[in-house]
Every structure is written in C-alpha cells, then in structure tokens.
Amino acid sequence: MRYPTSFSRLLPTLGLTLLLLPGCYSRSDMKGEDATTEKPTAEMPDAVRPTEAPGVEAPEEASDVVSSVAVQPLQAVNVFLEVSGSMEGFMPKTGASGENTRFQQHVAQLLSEINRTPASRKKAFFRIKEKPYADTYQGISGTVRSGIQQPAKSTDLPAVLDTLMTRYYQPGTVSVLISDFIYSPKNAGAIPYIKTDITDALQRNGAQPDLAVSVYGYTSDFRGTYYPALKAAGKKTNCCDTEIPYYIWVLGPAAAVRQFDAALLEQQPAKQAHFGVMYPRPAYSLLSKYQNKGSWYYGDAGASKRSADAYRVVAVSEASAQQPVEFVVGLNLGQLPGQYRDVAYLMQNLTLQGVDTDAKLLDVQAASAQTKASSGPESKFTHFAKIRLTKAPKAARPLVLRLQDQRPAWVAQWTTRNDGTPAAKTFALSSLLDGLEPQAAGEKRPVFELPLTVQPAE
Amino acid sequence: MKALFRFLYELIGAPQPPADTPVYRDVIFPNLGLLNLGISLGLVVVFYLLINRAMGVATFNKGRHWAIFLGLNALIAFIVTIWQTNAQQVTDHSYIYWLATWNAILGMFWFFLFSVLLKRASTNASTTPF
C-alpha cells in the first residue's frame, strides 16, 4: 500500500468528529433545558401545585350528547298566535299614515318565513283564544297586519300550554307560540306557584321526557290598551311610550326544536334561552401550531397522519412555572345557538375539569379573520379555548372542557314583580321559565362535554 | 425498526419544535433511517463490487478514493435530511440542521460498517481502507 498512513490519519479525525458533534448539540441544548427544569421544581410554590379534583369522570364516561338524541327530522310546524285583548296593542289597526309596530313587521315576516320554509313539510296556523282555532297563513298574517277582529277576553297560559302538549306534541313536530306571556294568576296567592303551574301544564304525566322549549324575547312599540298581570293596577289605555316585550316559545321534542331554531330563529336578533334542547357535540381538536407554547405534542396514536382531523391527547415533555405548557383547543360551535356562541358567555361558563393537574382555562376567543384565512387547521373552528398547565402529568389524566347551561342574564333583567307601570319587562318571567326547567332539578346538564387527555411524553 | 430509528435519532435530543414530534417519530426518522442504510449500502456496493470488481478499475482502490465515497455518503445523507424535512412540511428550526449533521455522521458509520463487511468480496480493493 502506498498510502497506509492516509487512512490512519483520517481515522482519529473521524472518531473525534463522531464524538464531538452529538456532544455539541447535547451540551448547548441540554444545558438550557436543565436550567429550566431543575430550578422550577425546587422553587415551585405551593400555589401552583394542583388541587385535588376527585370525582371527575374519565373521558370515556363523559356523556355523548349526540348518541342520546334520536334524530327525527322536523316534519310539522304549528304556529299559535295569541289574540287576547292584551295583544291588541302589538297589532293596532293600520293608521292613516300606514305606520305599523315592530311586532307587526317582525311577526308578519316570520310567519311568511315559516310558511315558505323548506325545513318542514307541514305548516298549520292557529289563533289562540280560550282554545286554539285553526286558521290559515293568510288569515293569521292578515290578523297581524290589520289587527285583531274579536279579541278573546283572556287566555290562561297553563291551559294553553296544556292544550299544546296534549293535542299538538308529536315526534318531529314543534309548536310555535307567539304571545306577550303576561300570565295573571287568579289571585295573588297563586303567584308563588307560577313555576309549578307551568311545569304541571307541560308535564302532565311525565310522558314527554324529551320536551324542549326555546324562548326568544323581543320588544316592540305598543299602541293600545295595556293589561297588566296584576289586575289591581288597572288597565292603561292609550299605552305606551315604552316598549313592551313579546316572546316566541318553541315547544316540542328536543331534536325538532333544535332544527326549527337553527332553520328559522337563529338569524334573528333576539334574546334567547333554551330549556332541554340537546345539541350534537361540537367538533373540537387540539391545535399544536396555533398559539402553542412549551414542550408538548399530539399524543394521539397516528398523530403524524395529516388526514387526522381531531387530536385529543396532549403529551407533555416538560412543564414548569417558568416554562408553562399552553395549548389551544379549537371548537366548532357553529351548530349551537347564538347564546352559547357568545364569547362573554363562554368566558363565564366554559369550565375545565381535570384530575391531578393544574391545567387552567386561560382564555376563550372567537375566530378572527386571520384564523379563518389561515391554511392551518385553525380555519375550521369558530372558537378557541386556551389552556395552560405548569406541571407535567405523572400518567395519562382526563381533562374535560364543559359548557355549563346557565340561564342568560336578560331573563332577570326582563322580569318584574309588579307590571302596573308598563315597561320593557314581563311579570314573573323568571318564574315562568323556572317552570320550563327539567324536572330533575339541581345539576343542569351541560351544553357539551369535550374530553381530552393529558399525558407525559413517551 | 421504528423504535430503533427513534432511539438513534433522539440521541441528539428530542425533536424541535415539540409540536412536530409525532411527524419526526412516525415519518421522518424511519424514512431517514431506511434511506440512510440504503444509500450507504449502495455506495459501498458501488465502490467495492462495481468499480473494484465488476468494472475492474485498477486505479480507484486507495484509501483516499474510499474517503471520497465516505464524504459523498455524508453529503447525500445531509441533503436527504433537508429534503425529507421539507417534504413533510415541518416547522423551520435549527434542529433540522443538527439532524442533518447527525444523519451524515450516522451515514458515515453505516458506510464504514458495510465497508468492513463487504471489502473481502472485492478483488481490487479488498484491503481498502485497511
């Protein structure tokens, strides 16, 4: 061999390179990592240690709302318009100058939409006096536009609800009740029992376990005689300077009510409250590249596949108070009513429950133009919940994002105990709505529960 | 096999940024590992069996010629890493270059190993590099 030395010179160089290069990486990088892991564990204050949260269901047990909803398409809509004397002010006879009230404008439009909607095959229209009288779309619409011809003396709300429940409650059918919902009990002694009266009317024999009610509140100008619930206050003629509320109640099986709401009432700028309506679980996923912080990655099996559209497992490599892990859960709440999509509502009522973890919900954001235009998976979601944890989990732990079903604040604001003076409030509204709460009082079922898992990195 | 490659490539630390860990572990590491083995084996075969046996070239069997192939192997391993990470659309990070360097070193190691195994099958270079 002519060059026996050339390789022997090369060999040590090669060996040295082999030893040095990985060493370079590990030294420079590991040093940084050591500095961040060890100090915090020593200094971590007690406050950031997780509080024990026993009794959290494992993700498998979290109720899947979708499965419990028997999906029956909406088939029929029955519209009931109350035509008692107290409604006359909403539907005055057309004045000389052709001005109308907002009630007339809105309800005529809504009736037309219901009549035209492809969401339901059968539509029926009724006037409510002492009992429902069948009418036509033209008849009802005409009543709304040009005033009530023969107003009923009064309608008893529990009796009306009872009739709707016994005669018109059918699978795939919703009843739409348009009224001012001024419920005057026979005497003052009955006032504390309004809730019970309503509940009794709706659940006479408990035969409608999936009954749901959506309540939409509106206000309108009012020109006519105002009949307060408390008759002692006396009626007010030539009322009013203030706006008077009226409501649309949608009653029926939960699935039908949800479909009707989504098809016809969701777009309207109304106050809303929902009772017993169940919604399919919204699509959700962890987002590993949207406002993410710290050392974590998708721990799902097959997480590398780009076809996967939902990730539920957070694998935390390291977390400390100095280097917290922050991850964002994208939520698609497009199928929920506006009440539950409101960011302020979500901020208050979206809760995070976990076991043996200090994970906290930091923030809820709505999608922005930027996220919608993004090429990443965040473009699919309407809301983002950001969660932070500062302690790496010891083993796989469940984490549940839960939206509490809280009665919206407007109900209390629109409630009055004395409606002698006309105002944009309704007598005993919260008591009425109390009657709509499902029998099993106490814990209301959450709007949705989204299970996640936090686990240590492998 | 996946676990072996994961072990080999995580000797230089966990993938960065952490969010890309599943892609590295499930896709890039196995790809790199297999490509690297194949390329090293291929170059060794070209050097010992093609050039120095089948073609019978008599003037390309010295240690420096072997070193040229070793360097070529390292270069290919480096470029393959950059190509693979780009193909999988991972986030840009200096880790990519550390990984490429480590892959080049691993490539040289495989090349050396295959050389030791295959040099006896060569006629002209059975004693290269030693």
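Residue numbers (full-length UniProt numbering), protein chains in the order written: chain E, 1 to 458; chain P, 1 to 130. All C-beta atoms, glycine included, are put in the ideal place defined by N, C-alpha and C. Only a predicted model underlies this, so the values are computations on that prediction, with no experimental measurement involved.
Shown here, GLY354 of chain E sits in a strand according to DSSP, grouped into three states. Within the region 147–188 of chain E, the complete alpha helix (DSSP H) segments at least 4 residues long are 157–168, listed from N- to C-terminus.
Neighbours of TRP296 of chain E across chain P, judged by C-beta separation under 8 Å: PRO18 and ALA19. Using a Cβ-Cβ distance cut-off of 8 Å, the region 43–58 of chain P and the region 84–97 of chain P are not in contact, since fewer than three pairs of beta carbons, one from each stretch, lie closer than that value. Rounded to whole angstroms, TYR193 of chain E and THR225 of chain E show a C-alpha spacing of 27 Å. If you check the CB distance, LEU352 of chain E and ALA359 of chain E come in under 9 Å. Closer than 8 Å at the C-beta level to chain P, one finds these residues of the region 268–289 of chain E: SER288 and LYS289.
For ALA14 of chain P, at least one C-beta of chain E is nearer than 9 Å to its own C-beta.
The region 318–374 of chain E is shown to contain whole alpha helix (DSSP H) runs of 4 or more residues at 338–341, 343–349 and 369–373, in chain order. Around the Cβ of THR101 of chain P, a 10 Å sphere holds 16 or more other Cβ atoms; the residue is buried. Judged by pairs of C-beta atoms under 8 Å, the region 366–375 of chain E touches the region 383–395 of chain E, as three or more such pairs exist. In the three-state reduction of the DSSP assignment, ASN124 of chain P falls in the coil class. With a cut-off of 8 Å on Cβ pairs, the region 307–318 of chain E is not in contact with the region 241–253 of chain E, counting fewer than three such pairs.
In this structure, PRO282 of chain E places its C-beta atom within 9 Å of the C-beta atom of GLN335 of chain E.
Listed along chain P, no residue sits closer than 7 Å to SER374 of chain E by beta-carbon distance, the nearest being about 14 Å off. Fewer than three beta-carbon pairs drawn from the region 185–200 of chain E and the region 211–221 of chain E are found closer than 8 Å, and the two stretches are therefore not classed as touching.
Between the region 114–132 of chain E and the region 72–85 of chain E there are three or more C-beta pairs closer than 8 Å, enough to call the two in contact.
DSSP places SER40 of chain P in the uninterrupted alpha helix (DSSP H) bounded by 29–44. Non-local C-beta neighbours of LEU433 of chain E in its own chain, meaning closer than 8 Å and more than five positions away in sequence, comprise VAL215, ALA273, PHE275, ARG407 and VAL411, ordered along the chain. LEU110 of chain E: member of the alpha helix (DSSP H) spanning 102–116, first to last residue. For TRP296 of chain E, the uninterrupted beta strand (DSSP E) run begins and ends at 295–298, by DSSP. In this structure, the CA atom of VAL454 of chain E is about 24 Å from the CA atom of ARG445 of chain E. In the DSSP assignment, ALA385 of chain E is bridged to E:VAL329 and E:VAL364. Within chain E, not a single residue places a beta-carbon under 8 Å from that of PRO30 of chain P; the smallest gap is close to 10 Å. Secondary-structure assignment with DSSP links TYR284 of chain E through a beta bridge to E:LEU331. Between GLY299 of chain E and PRO324 of chain E, the gap from beta carbon to beta carbon reaches 9 Å or more. Between VAL80 of chain P and ILE105 of chain P, the C-beta gap is not smaller than 9 Å, which leaves the two residues out of contact.
PRO451 of chain E carries a strand assignment under DSSP once its states are collapsed to helix, strand and coil. Taking 9 Å as the threshold, the shortest C-beta distance from ALA392 of chain E to chain P does not fall below it. Shortest Cα-Cα distance from PRO18 of chain P to any of E:PRO151, E:TYR279, E:ALA396 and E:ALA319 involves E:ALA319.
If you draw a straight line from the Cα of LYS289 of chain E to the Cα of TRP414 of chain E, it is about 44 Å long.
TYR284 of chain E sits away from VAL447 of chain E, with the two beta carbons spaced by 9 Å or more. DSSP places LYS394 of chain E in the coil class of the three-state scheme, outside both helix and strand. In the structure shown, LYS123 of chain E falls within a strand segment according to DSSP collapsed to helix, strand and coil.
Assignment of GLN272 of chain E by DSSP, reduced to helix, strand and coil, places it in the strand class.
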